[in-house]
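Numbering (our numbering), first residue to last: 1154 to 1527.
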């Protein structure tokens, strides 16, 4: 414990090996885009760029669906939600089941059978061209706002505890993701998402395993959290002012995630890139397993993190960090900082969450711009 931030009052920062591994993972992501840009240089049709010629396979699309909206905001925020409040948010896994079921059997079949590229084409079929353009413009505005948060918030949190320059990371990440998305199209986005999904899982598992070891095992961490009121699953109060109850998390979460999984252009585009509706459904249902797995790991990290800092809150007592979003990076640097390269993998995990979301959103924006505006 002597070299932990709560003992020294100082934050650890990246070492050379961490920077190298972090850079390598970013280069691999960019390299996938370059590969498909060269490989498909003679296939310059709009369908190939936006939908990969509708010939994608189930596994990579499943991985892409999995990480598209599990952004760095979720990866950083979910453990902190457990740390600061309680485990009621764990019911989000049940909300995911309802959302993916609705997307798989109601919304995606509807859009797939229409044979469209942009979801907003339906608005013209149902209403008028003006409604279609209005819907498209609202989506572009909303997505641009969302992308700014996905890019800036994680960079701000990670800068505070790793020493990475804020604007250098923002500009660098945006240049990389724009380059491989623009060059490689849908194939680059999907296969890069697949690679980044494994980076995310590796980073989260490393954090959970080492954190559990240092707190005496996950069972002991769970006991500490339970004794201090963090393990709660019985809030069924219908009062909407309650932070999290069964009803708000499950049904509110189901509505929110249905809008992302079944009605968002980025998700629809992936589903219709598959050669058949059956494969699109399988891909969505497969992504559900991964979503629950990643969410569960994140919530378990929240339990372990609470047990680790149970007697000395880094914000309340030490002022080592100033925002709750910085807790997880601080925790990682504390427990994994002595292993050269491992913090670099974790930060790559967080930025992979941003990259996957950014690339999917950029690809979706290009689709609606081409199909609905021009």
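No residue lacks a Cβ here, since even glycine has one placed at the ideal position from N, Cα and C.
These figures come from a predicted structure and were not determined experimentally.
Worksheet item: Could you give the distance in angstroms between the alpha-carbon of residue 1375 and the alpha-carbon of residue 1242?
Response: Taking the first residue of the chain shown as 1, we reach residue 1375 at position 222. Taking the first residue of the chain shown as 1, we reach residue 1242 at position 89. A direct Cα-to-Cα measurement between residue 1375 and residue 1242 gives close to 16 Å.
Worksheet item: Alpha carbon to alpha carbon, what distance is there between residue 1527 and residue 1234?
Response: Counted from its first residue, the chain shown places residue 1234 at position 81. Counted from its first residue, the chain shown places residue 1527 at position 374. Pairing residue 1234 with residue 1527, the inter-Cα distance amounts to about 43 Å.
Worksheet entry | Which listed residue (1230, 1522, 1341) has its alpha carbon closest to that of residue 1423 | What you label residue 1423 is simply residue 270 of the chain shown in a count that begins at 1. Closest by alpha carbon: 1341.
Discussion item. If contact is defined by three or more beta carbon pairs under 8 Å, each pair taking one atom from either stretch, is the region 1208-1228 in contact with the region 1328-1346?
Written reply: When Cβ pairs closer than 8 Å are counted between the two stretches, the region 1328-1346 is seen to touch the region 1208-1228, the count reaching three or more.
Discussion item. Suppose the cutoff is 8 Å on Cβ atoms and the five residues either side in sequence are ignored; what does the same chain contact list for residue 1520 look like?
Written reply: On the chain shown, residue 1520 is found 367 positions in, with the first residue counted as 1. The residues are 1203, 1270, 1271, 1418, 1422.
Worksheet entry | Run of the alpha helix (DSSP H) containing residue 1505, from where it starts to where it stops | Taking the first residue of the chain shown as 1, we reach residue 1505 at position 352. Residue 1505 -> alpha helix (DSSP H) spans 1495-1521.
Item to complete: Indicate the three-state DSSP secondary structure (helix, strand or coil) for residue 1244 in the structure shown.
Response: Sequence index remark: in the chain shown, residue 1244 carries index 91 (1-based). Residue 1244: helix per DSSP, three-state reduction.
Worksheet item: In chain order, which alpha helix (DSSP H) runs of at least 4 residues are fully inside the region 1352-1411?
Response: Listed in chain order, the complete alpha helix (DSSP H) runs (minimum 4 residues) inside the region 1352-1411 are 1371-1380.
Fill in: Length of the line joining the Cα atoms of residue 1261 and residue 1515
Start at 1 with the first residue of the chain shown, and residue 1261 comes out as number 108. Start at 1 with the first residue of the chain shown, and residue 1515 comes out as number 362. Rounded to whole angstroms, residue 1261 to residue 1515 spans 21 Å at the Cα level.
Item to complete: Measure the C-alpha to C-alpha separation of residue 1356 and residue 1494 and round it to an integer number of angstroms.
Response: Reading the chain shown from its first residue, position 203 is the one you call residue 1356. Reading the chain shown from its first residue, position 341 is the one you call residue 1494. Near 11 Å, if we compare the C-alpha coordinates of residue 1494 and residue 1356.
Worksheet item: In whole angstroms, what is the alpha-carbon distance linking residue 1452 and residue 1239?
Response: One-based indexing of the chain shown puts residue 1452 at position 299. One-based indexing of the chain shown puts residue 1239 at position 86. Each residue's alpha carbon lies about 10 Å from the other.
Discussion item. Restricting to Cα atoms, I'd like to know which of 1393, 1206, 1329 is closest to residue 1193.
Written reply: By one-based count along the chain shown, residue 1193 stands at place 40. Among 1393, 1206, 1329, the Cα nearest to that of residue 1193 is on 1206.
Worksheet item: So does the region 1242-1260 actually touch the region 1399-1419, counting three or more Cβ pairs closer than 8 Å?
Response: By the criterion of at least three beta-carbon pairs nearer than 8 Å, the region 1242-1260 is in contact with the region 1399-1419.
Worksheet item: What are the uninterrupted segments assigned as alpha helix (DSSP H) that are 4 or more residues long and contained completely in the region 1433-1492, given in chain order?
Response: Listed in chain order, they are 1480-1489.
Worksheet entry | Best match in 1287, 1445, 1512, 1482 for proximity to residue 1299 [C-alpha to C-alpha] | Here the question's residue 1299 lines up with position 146 in the chain shown. Considering only alpha carbons, the answer is 1512.
Worksheet item: Which class does residue 1416 belong to by DSSP, given the choice of helix, strand or coil?
Response: For this step, residue 1416 is matched to residue 263 along the chain shown. In the three-state DSSP reduction, residue 1416 falls in the coil class, being neither helix nor strand.
Fill in: Pair within 8 Å by beta-carbon distance, residue 1450 and residue 1319
Translated into the one-based positions of the chain shown, residue 1450 becomes position 297. Translated into the one-based positions of the chain shown, residue 1319 becomes position 166. For residue 1450 and residue 1319, no; Cβs fall outside 8 Å.
Discussion item. Counting C-beta neighbours from all protein chains within 10 Å, is the total for residue 1301 16 or more, i.e. buried, or is it exposed?
Written reply: Position 148 of the chain shown, counted from the start, is the residue given in the question as residue 1301. Label assigned to residue 1301: exposed.
Discussion item. Using a Cβ-Cβ cutoff of less than 6 Å, which residues in the same chain neighbour residue 1481 once the five nearest sequence positions on both sides are dropped?
Written reply: Along the chain shown, one-based indexing puts residue 1481 at 328. Correct list, in chain order: 1229, 1232.
Item to complete: Would you kindly report the start and end of the unbroken alpha helix (DSSP H) that includes residue 1221?
Response: For the purposes of this step, residue 1221 is taken as the residue at position 68 of the chain shown. That run of the alpha helix (DSSP H) goes 1211-1221.
Worksheet item: Should residue 1370 be labelled buried (16 or more other beta-carbon atoms within 10 Å of its own) or exposed?
Response: Locating residue 1370 in the chain shown gives position 217, where the first residue counts as 1. Counting C-beta atoms within 10 angstroms of its own C-beta, residue 1370 has fewer than 16 neighbours from the protein chains shown and is therefore classed as exposed.
Item to complete: Go ahead and pull the three-state DSSP assignment for residue 1280.
Response: Looking up residue 1280 in the chain shown gives position 127. Here DSSP, grouped into helix, strand and coil, assigns residue 1280 to coil.
Worksheet item: How far does the alpha helix (DSSP H) with residue 1265 in it reach, from first residue to last?
Response: Taking the chain shown and counting its residues from 1, the one referred to as residue 1265 is at position 112. DSSP places residue 1265 inside the alpha helix (DSSP H), whose first and last residues are 1261-1267.
Discussion item. Using only CA atoms, which one of 1169, 1247, 1226, 1222 lies nearest to residue 1445?
Written reply: In the chain shown, the residue the question calls residue 1445 occupies position 292. Per the Cα distances, 1247.
Fill in: Beta-carbon proximity list for residue 1293, same chain, < 8 Å, skipping 5 on both sides
Locating residue 1293 in the chain shown gives position 140, where the first residue counts as 1. If we look at residue 1293 and ignore the five residues flanking it on each side, its Cβ neighbours are 1518, 1521, 1522.
Worksheet entry | Same chain, Cβ closer than 7 Å to residue 1499, five either side skipped, listed in chain order | Along the chain shown, one-based indexing puts residue 1499 at 346. Closer than 7 Å at the Cβ level, and outside the excluded window around residue 1499, lie 1356, 1359, 1360, 1485, 1489.
Worksheet item: From residue 1276 to residue 1420, what distance separates their C-alpha atoms?
Response: Along the chain shown, read from residue 1 onward, the residue named residue 1276 stands at position 123. Along the chain shown, read from residue 1 onward, the residue named residue 1420 stands at position 267. Going by the C-alpha atoms only, they are around 18 Å apart.
Discussion item. Once DSSP output is grouped into helix, strand and coil, what is the label at residue 1299?
Written reply: Working through the chain shown from its first residue, we reach residue 1299 at position 146. Reduced to three states, the DSSP call for residue 1299 is helix.
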